[in-house]
Structure formats: structure tokens, C-alpha cells
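246 is the number that numbering that gives the first Met the number 0 gives the last residue of the sequence shown; the numbers go up by one with no jumps.
Glycine included, each C-beta is placed from N, C-alpha and C at the ideal position.
Quantities reported herein were computed from a predicted structural model and do not represent experimental measurements.
Data block below; observations after.
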Amino acid sequence: MTTTATPTSHATAYQREMARDALLAHDSGCCTAAGRCRLGAFLETRLTAPLTPDIRPVDTAARTRTAGTGRSRRTARPDVPTMAQMTTLTRLLDELADATGEPAKHRDNAALFLANGDMTFHLARLYLDRLIPAARALRTLKAAARPAPAECLEPGMYARDGKVYRVVLSEAGRLYAKLWTEGDNDTPARFEFAPGAIRDLRPEHRMSADDAKAYSRRLGACCVCGKTLTDPASIERGIGPVCADKV
Numbered sequence: 000m001t002t003t004a005t006p007t008s009h010a011t012a013y014q015r016e017m018a019r020d021a022l023l024a025h026d027s028g029c030c031t032a033a034g035r036c037r038l039g040a041f042l043e044t045r046l047t048a049p050l051t052p053d054i055r056p057v058d059t060a061a062r063t064r065t066a067g068t069g070r071s072r073r074t075a076r077p078d079v080p081t082m083a084q085m086t087t088l089t090r091l092l093d094e095l096a097d098a099t100g101e102p103a104k105h106r107d108n109a110a111l112f113l114a115n116g117d118m119t120f121h122l123a124r125l126y127l128d129r130l131i132p133a134a135r136a137l138r139t140l141k142a143a144a145r146p147a148p149a150e151c152l153e154p155g156m157y158a159r160d161g162k163v164y165r166v167v168l169s170e171a172g173r174l175y176a177k178l179w180t181e182g183d184n185d186t187p188a189r190f191e192f193a194p195g196a197i198r199d200l201r202p203e204h205r206m207s208a209d210d211a212k213a214y215s216r217r218l219g220a221c222c223v224c225g226k227t228l229t230d231p232a233s234i235e236r237g238i239g240p241v242c243a244d245k246v
């Protein structure tokens with residue numbers, strides 16, 4: 000494979016890539032692109048100096064035939080990031096928005112290169128090599144912190160983030176959650192189907208009988224069925240005798 004690069008441009012491209020590698024290694028342990036020390040400033044100057052353009056073969060360029068030789072060659076283009084690299088980098092920067100430590104440094108430096116229009120093909124490749132594993136590790140951590148599946152729950156009363164839910168079993172044998180909605184002058188208190196809420200509930204959110212009674216006394220109504228408590232014994236207990244077994 001041949002390119003249009005001259006020996007001088009080969010040397011320049013090699014020097015520039017060495018400077019990029021050094022700058023990335025330097026960013027990991029010293030300053031950042033937002034605040035350079037003297038070494039970082041020198042390396043960045045070498046990258047932005049008006050040198051001979053860096054030439055590399057185009058990965059998917061059309062081949063051109065040389066008459067009578069049967070040989071082919073690829074066209075060449077400047078060292079710019081591909082559309083796929085830019086798309087992946089943008090997605091990773093969003094995905095790592097909450098990252099800390101070393102991944103956050105690489106994220107911020109890559110974002111600065113993108114914002115300044117200084118991202119190159121080789122820089123994008125180096126940052127992708129660092130950001131892809133970081134994003135994969137973050138996904139693993141988030142997956143481990145996901146709520147328990149609905150199969151781990153049982154029908155009953157649950158409380159989460161100040162809201163009370165009733166988990167019931169459908170005729171099809173699937174669990175779903177209803178949210179307790181307090182009433183007003185026109186609408187009585189009731190449980191309403193809460194789409195997707197079952198995915199956020201965990202076994203530890205299950206209300207104890209004492210929790211349900213205290214909540215019912217605060218509402219003045221049974222938190223299981225929603226009916227107003229009128230029987231003195233039920234008012235004192237905070238829940239009716241039938242619903243007490245449904246918590």
C-alpha cells in the first residue's frame with residue numbers, strides 16, 4: 000500500500016503522534032487541557048504548530064487502478080476524526096457525565112479537544128481506548144445497583160420516597176403496583192395503577208403492620224382499602240380487622 004506522503008511528512012506524522020501520546024500520558028498525571036504546565040504547553044504547541052499536514056490512508060477509500068500494472072492504491076486525507084468516532088465520543092461523554100477520578104479527566108480533556116475543534120483521528124482513537132472501558136465499568140456498577148426484579152416481591156403494602164404502593168397479583172399471575180392517591184371533596188382516596196412503579200420497589204420497601212397502621216391513622220382512612228375508619232377499635236388500631244391481614 001502506498002500513500003502520497005513524502006519522507007518529510009512521514010517524519011512529521013510520527014513526531015506529532017509521539018507528541019499526542021506524550022500529552023495524553025501527561026494529562027493523566029499532571030495538568031489538564033484547561034490549565035497547562037510548561038511541559039504540557041510545549042507538547043500542545045508541537046501539536047498545533049503549522050507543520051506539514053499529517054497524511055494517513057483512508058480506511059474505506061475507493062481503490063484506483065494503475066493502467067497495465069494490476070496494482071491499486073488508496074487516496075489519502077488529513078488526520079481528522081471519522082463520523083463514527085465523533086458519534087461514539089459524543090455518546091460516551093454523555094454516558095460518563097457522572098464519572099469521577101481518571102475517567103472524568105479523560106472525559107473532560109476529550110470534551111475540550113472537541114469543543115476547540117482540535118480532535119484528530121489519532122486523538123479520538125486514544126480517547127476511545129480510555130473511555131470505552133470506563134463506560135463499560137460504569138454500566139456494570141449501575142446494573143449491580145438496579146432494583147430487585149418484581150419476582151422477588153410479594154403482594155402487600157410498600158412505601159418508597161414518601162409514597163405508598165399496594166402490590167397485587169393480576170389474573171395473569173404478574174405483579175403490578177398501585178399508588179395510593181389521597182382524595183379531595185369530589186374524589187375519594189383510592190389506589191391507582193402506577194405504570195412501571197413495580198420495577199422501583201424492593202423487598203426492603205415492604206411496610207410492616209405497624210407502619211401501615213401509623214400511615215392509616217395519619218390519613219384517617221385504611222391505607223389498604225381506602226375506606227374511612229369509623230369503628231372505634233379500627234380507628235385506635237389504625238386498620239380494619241380484614242385489611243390487617245393484607246399488609
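- In the DSSP assignment, the residues bridged to residue 164 are 157 and 178.
- Beta-bridge pairing by DSSP links residue 191 to 178.
- When secondary structure is reduced to three states using DSSP, residue 89 falls in the helix class.
- In this structure the stretch 189-209 does not lie against the stretch 126-139, because fewer than three pairs of beta carbons, one per stretch, are closer than 8 Å.
- Residue environment analysis places residue 163 among the buried positions, since at least 16 neighbouring C-beta atoms fall within 10 angstroms of its C-beta.
- Residue burial is scored here from C-beta neighbours: residue 241 has fewer than 16 other C-beta atoms within 10 angstroms and is therefore classed as exposed.
- Annotated three-state conformation of residue 139 is helix, per DSSP.
- Assigned with DSSP and collapsed to three states, residue 205 falls in strand.
- C-alpha of residue 201 to C-alpha of residue 112: approximately 43 Å in a straight line.
- In the DSSP annotation of this structure, the continuous segment of the alpha helix (DSSP H) that includes residue 233 starts and ends at 231-236.
- In this structure, DSSP gives residue 220 an extended state, which the three-state scheme calls strand.
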